[in-house]
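Numbering (numbering that gives the first Met the number 0), first residue to last: 0 to 387. C-beta atoms are modelled at their ideal positions from N, C-alpha and C, and glycine is treated no differently. What follows is a set of notes on a single structure, which appears directly below.
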Amino acid sequence: MNRFTLPRDLYFGKGSMEVLKTIKGKKAIVVVGGGSMKRFGFLDKVVAYLEEAGMEVKLFEGVEPDPSVETVFKGAEVMREFEPDWIVSIGGGSPIDAAKAMWVFYEHPELKFDDIKDPFTIPELRNKARFIAIPSTSGTATEVTAFSVITDYKTEIKYPLADFNITPDIAVVDSNLAETMPKTLTAHTGMDALTHAIEAYVAALHSPFSDPLAIQAIEMIRDYLIPSFEENMEAREQMHYAQCLAGMAFSNALLGITHSMAHKSGAVFHIPHGCANAIYLPYVIDFNKKACIDRYAYISKRLGLAGTTDEELVDSLTSMIIEMNKKMNIPLTLKEYGINEEEFKNKVQVIAERAVEDACTGCNPRQITPAEMQKLYECAYYGEKVDF
Numbered sequence: 000m001n002r003f004t005l006p007r008d009l010y011f012g013k014g015s016m017e018v019l020k021t022i023k024g025k026k027a028i029v030v031v032g033g034g035s036m037k038r039f040g041f042l043d044k045v046v047a048y049l050e051e052a053g054m055e056v057k058l059f060e061g062v063e064p065d066p067s068v069e070t071v072f073k074g075a076e077v078m079r080e081f082e083p084d085w086i087v088s089i090g091g092g093s094p095i096d097a098a099k100a101m102w103v104f105y106e107h108p109e110l111k112f113d114d115i116k117d118p119f120t121i122p123e124l125r126n127k128a129r130f131i132a133i134p135s136t137s138g139t140a141t142e143v144t145a146f147s148v149i150t151d152y153k154t155e156i157k158y159p160l161a162d163f164n165i166t167p168d169i170a171v172v173d174s175n176l177a178e179t180m181p182k183t184l185t186a187h188t189g190m191d192a193l194t195h196a197i198e199a200y201v202a203a204l205h206s207p208f209s210d211p212l213a214i215q216a217i218e219m220i221r222d223y224l225i226p227s228f229e230e231n232m233e234a235r236e237q238m239h240y241a242q243c244l245a246g247m248a249f250s251n252a253l254l255g256i257t258h259s260m261a262h263k264s265g266a267v268f269h270i271p272h273g274c275a276n277a278i279y280l281p282y283v284i285d286f287n288k289k290a291c292i293d294r295y296a297y298i299s300k301r302l303g304l305a306g307t308t309d310e311e312l313v314d315s316l317t318s319m320i321i322e323m324n325k326k327m328n329i330p331l332t333l334k335e336y337g338i339n340e341e342e343f344k345n346k347v348q349v350i351a352e353r354a355v356e357d358a359c360t361g362c363n364p365r366q367i368t369p370a371e372m373q374k375l376y377e378c379a380y381y382g383e384k385v386d387f
């Protein structure tokens, strides 16, 4: 038996954040990251709308990029003291992911992080609170997914928590927030969204429910990401919706080794997640095509790319991704990104082993060994063709 899960309600469009005025409850904690949401006035709006709804509001600020286990437990402790019946998170993927994990330990203080780091090990939630996610970036789609990525800095490992229990109850996809993104963030989050959609389309759990969402997202990202990067605000709005569609697809179909590689190398080399995905994606497609060349070729056909054979169509797809990276100043290799070669050589074997164990590897369309994973990292470091 398969399952397809989305938030109970999704509000979208410019100004849709005003729905917070209608939420019924007594207390809301707002989890937020750095200063951008405050600087642009969005945090004040969230607080004002919730107070207008009659709620007492508390802030938890300062969630770092790549949120840590320590931040999660700190936030959960604040929640246990305040006892909110709504958890509201606004910002990029980091504060929303952190808030999801805080939610778990707020409702289940007896748990340790090791108890939930494996997929589908999170117990039932919503005994104390429900969850609202308001994304400010157009990439992670955590507002509609069953995922949360938390970093253990002591071990240098990123853990993708995965469980339908942490799917938000309400997603508010207000494109006004996305208009504030700097260009580099627009590029990285946009390529993260493209990776989500492509990986979902070929993932082992893809279905007739996830496929149309993935394909629609891919087409929209092809059309709108570069104009969005160039600060076309109509394109920004469409990208905000496209990344959400990609999230709906991958939350149910799951992902693959592009994300496994990004999680494990990102924790060690501190590469922004979307940038890492953008670098790895063409190499992973070349590796995976032995298992699902027809599905990659179909993506290429839908995009109207050149090619008369499946091989030619897949080459056109990887060429398109590389050209998009170039237009947005994203490096094409790990070496070009600036990772020291000696450090890479010293750490690649361990990173490869961890990537094989990552939760996303299980749904990759082609199985991979640690030795093959290391070889794939090496191809992505030096820019070598994947032919194995």
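- Taking C-beta atoms under 8 Å as the contact rule, Ala-145 and Thr-4 qualify, at a distance of about 7 Å.
- Closest option to Cys-359, judged by alpha-carbon separation, among Leu-331, Ile-169 and Ala-261: Ala-261.
- For Ser-88, the enclosing beta strand (DSSP E) begins and ends at 85-90.
- Exposed is the label assigned to Lys-326, since fewer than 16 other Cβ atoms lie within 10 Å of its Cβ.
- Bounds of the alpha helix (DSSP H) holding Asp-210 are 210-228.
- Pairing Glu-310 with Glu-80, the inter-Cα distance amounts to about 58 Å.
- Between the alpha carbons of Tyr-381 and Ile-169 lies a distance of about 43 Å.
- Boundaries of the beta strand (DSSP E) harbouring Arg-129: 129-134, taken from the DSSP string.
- In this structure, Tyr-200 places its C-beta atom within 9 Å of the C-beta atom of Asp-210.
- A straight line joining the alpha-carbon of Ala-354 with that of Ser-259 spans about 5 Å.
- By the Cβ-count criterion, Phe-387 is exposed, with fewer than 16 other Cβ atoms from all chains shown falling within 10 Å of its own Cβ.
- According to the DSSP assignment, Val-30 belongs to the beta strand (DSSP E) that extends over 26-31.
- A residue is called buried when at least 16 other Cβ atoms come within 10 angstroms of its Cβ; Thr-368 does not meet this threshold and is exposed.
- Taking a cut-off of 8 Å on C-beta distances, the region 213-229 does not touch the region 154-171, as fewer than three cross pairs fall below it.
- Note on Pro-207: under 16 other CB atoms within 10 angstroms of its CB, so exposed under the neighbour-count rule.
- In the structure shown, Phe-59 falls within a strand segment according to DSSP collapsed to helix, strand and coil.
- Relative to Lys-374, the option among Pro-364, Asp-357 and Glu-352 whose CA is nearest is Glu-352.
- Close CB contacts of Asp-173 within its chain, under the 6 Å cut and outside five residues either way in sequence, are with Ser-15 and Met-16 (chain order).
- DSSP, reduced to helix, strand and coil, places Thr-179 outside both helices and strands of the structure shown, so it counts as coil.
- Per DSSP, Leu-333 lies in no beta strand (DSSP E) segment; the continuous alpha helix (DSSP H) that holds it begins and ends at 333-336.
- Inclusion of Ala-252 and Gly-265 in the CB contact set at 9 Å is not warranted, their separation being larger than that value.
- Ala-161 has Phe-146 as its beta-bridge partners, per DSSP.
- The beta carbon of Val-18 is closer than 7 Å to those of Tyr-10 and Val-171 in its chain, skipping five residues each way along the sequence.
- Here the alpha carbons of Ala-47 and Ala-177 stand approximately 20 Å from one another.
- No residue range can be given for Phe-112, since it is assigned to no beta strand (DSSP E) and is classified by DSSP as neither H nor E.
- According to the DSSP assignment, Leu-42 belongs to the alpha helix (DSSP H) that extends over 41-51.
- Fewer than three Cβ pairs drawn from the region 232-251 and the region 278-287 lie within less than 8 Å of each other, which leaves the two stretches out of contact.
- Judged by pairs of C-beta atoms under 8 Å, the region 73-91 touches the region 45-63, as three or more such pairs exist.
- Under a 10 Å Cβ-count criterion, Glu-142 is classified as buried, with 16 or more other Cβ atoms of the shown protein chains found around its own Cβ.
- Between the region 231-240 and the region 330-344, the count of C-beta pairs closer than 8 Å stays below three; the two stretches do not touch.
- Look at Ala-261 here: in three-state DSSP terms it is helix.
- In the DSSP annotation of this structure, the continuous segment of the beta strand (DSSP E) that includes Phe-11 starts and ends at 8-11.
- In the three-state reduction of the DSSP assignment, Asp-314 falls in the helix class.
- In this chain, the beta strand (DSSP E) harbouring Val-172 covers 169-172.
- DSSP, read as helix, strand or coil, puts Asp-357 in coil.
- An exposed status is given to Asp-8, since fewer than 16 other beta-carbon atoms sit within 10 Å of its beta-carbon.
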